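Numbering (UniProt numbering), first residue to last: 1 to 259. Written out below as structure tokens is the structure these notes cover.
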Amino acid sequence: MTVTQSKPASTNGVAALDRAIAILDAFATADRSLSLAEIAARTGLYKSTILRLANSLLRGQLLERLDDGRYRVGPATFRLGALYQRSVVAIDILLPIMRDLAERSWESVAFYVRSGDVRTCLYRVESKHPIRYTIREGDVLPLLAGSGGRVLAAFSGQHGEPYETIRKTYHCLSVGDRDPETAGVSAPVFGPGPTLLGALTLSGPSTRVDAAFLQRMKNPLIDAAARATRAFGEDASMLEQAARKAGAEAEGPVLKRKA
Numbered sequence: 001m002t003v004t005q006s007k008p009a010s011t012n013g014v015a016a017l018d019r020a021i022a023i024l025d026a027f028a029t030a031d032r033s034l035s036l037a038e039i040a041a042r043t044g045l046y047k048s049t050i051l052r053l054a055n056s057l058l059r060g061q062l063l064e065r066l067d068d069g070r071y072r073v074g075p076a077t078f079r080l081g082a083l084y085q086r087s088v089v090a091i092d093i094l095l096p097i098m099r100d101l102a103e104r105s106w107e108s109v110a111f112y113v114r115s116g117d118v119r120t121c122l123y124r125v126e127s128k129h130p131i132r133y134t135i136r137e138g139d140v141l142p143l144l145a146g147s148g149g150r151v152l153a154a155f156s157g158q159h160g161e162p163y164e165t166i167r168k169t170y171h172c173l174s175v176g177d178r179d180p181e182t183a184g185v186s187a188p189v190f191g192p193g194p195t196l197l198g199a200l201t202l203s204g205p206s207t208r209v210d211a212a213f214l215q216r217m218k219n220p221l222i223d224a225a226a227r228a229t230r231a232f233g234e235d236a237s238m239l240e241q242a243a244r245k246a247g248a249e250a251e252g253p254v255l256k257r258k259a
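Right, here's the structure in full:
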């Protein structure tokens, strides 16, 4: 949890509004409620200031006071979140991130969503190489094969390995798992809740995209998934932590096709 110290209002802001936003920002995904002392510790605001601003937030239903005196976010925040979700077009968030990753890797980047027992390629940015692994938007692939499918299955509750490890490391590497001539690395993207939105996948021909290349691309791939998750309004701290760890030796399984 990041502790935010109170700051004077900028020349373009209103101090009371800035402090009210700081109170709401004090709540983390794991928090069901916070005491006055906890809000004060996380914001750096005086308790008297919090109490005064909380009255306005209570009237606007952005905050609720429980019977034990603790506070929780109010129903108006849910309405604002729903409005935000309706106003955000997924492609506007995902495509710039996918293009950045494709530019950095020179390989293809796709976004897959689960559709029952299969997965569908929703968005795709092609590799800059003339020889590439080609999947079209709208193509349907198996769920339990390939890094993208494995990630979707893992974060949909699939039991056993490699899914337990994928849930711990927030990524999956695969070499020849779905197709003997392709390889890829994938990470989950979440929305508020958290809700699994899909899997971000970087892939290409295994002659070029080998295990060593995938190891190098783990960090930027997971970081891209974290950026997308933040943009969709969900806490990305676990993905950010996984991205940092991915700079070292691989922690996730490299899935290879059995002979």
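Just so it is clear, CB atoms sit at the ideal spot from N, CA and C, and this is done for glycine as well. Note that the coordinates shown come from a computational prediction; the quantities given were computed from them, not determined experimentally.
- The beta-carbon distance between GLY146 and SER174, rounded to whole angstroms, is 6 Å. This is short enough to meet the 8 Å contact definition.
- Proximity of the stretch 115-126 to the stretch 90-106 meets the contact definition, three or more beta-carbon pairs being nearer than 8 Å.
- From the listed residues SER105, PHE78, ALA16 and ILE39, the smallest Cα separation to ASP210 is found for SER105.
- For THR49, the uninterrupted alpha helix (DSSP H) segment begins and ends at 47-59.
- For TYR123, the uninterrupted beta strand (DSSP E) run begins and ends at 118-125, by DSSP.
- As computed with DSSP, GLU64 is found in a beta bridge with ARG72.
- Counting only runs of 4+ residues, the alpha helix (DSSP H) found wholly inside the UniProt domain "IclR-ED" (76-234) occupies 90-105, 147-154, 163-169 and 211-231, in chain order.
- Boundaries of the alpha helix (DSSP H) around SER237: 237-245.
- Boundaries of the alpha helix (DSSP H) around ASP25: 15-25.
- By the beta-carbon neighbour count (other beta carbons within 10 angstroms, threshold 16), ALA15 is exposed.
- Beta-bridge pairing by DSSP links LEU34 to TYR71.
- The Cβ atoms of VAL118 and LEU141 sit closer than 8 Å to each other.
- CA-CA distance, ASP68 to ALA187, rounds to 41 Å.
- Ranked by Cα distance from LEU62, the options PHE27, GLY184, LYS47 and LEU200 are led by PHE27.
- The beta carbons of ILE166 and VAL185 sit no closer together than 8 Å.
- With respect to SER206, GLY176 sits close: the two C-beta atoms are nearer than 8 Å.
- Here the C-alpha atom of GLY160 lies approximately 24 Å from the C-alpha atom of THR182.
- DSSP places THR29 in the coil class of the three-state scheme, outside both helix and strand.
- Taking the CA atoms as reference points, LEU34 sits about 13 Å from LYS47.
- Nearest to ALA228 by alpha-carbon distance, out of GLY191, ALA40 and LEU214, is GLY191.
- The beta carbons of LEU57 and ALA22 sit no closer together than 8 Å.
- Between PHE111 and TYR71, the alpha-carbon positions lie close to 38 Å from each other.
- Just so you know, the alpha carbons of GLY204 and ALA54 end up roughly 53 Å apart.
- Excluding the 5 residues flanking it on each side, CYS172 has same chain C-beta neighbours closer than 6 Å at SER147, ARG150, VAL151, ILE166, SER186 and GLY252, in chain order.
- Going by C-alpha positions, ALA153 is about 43 Å away from ARG59.
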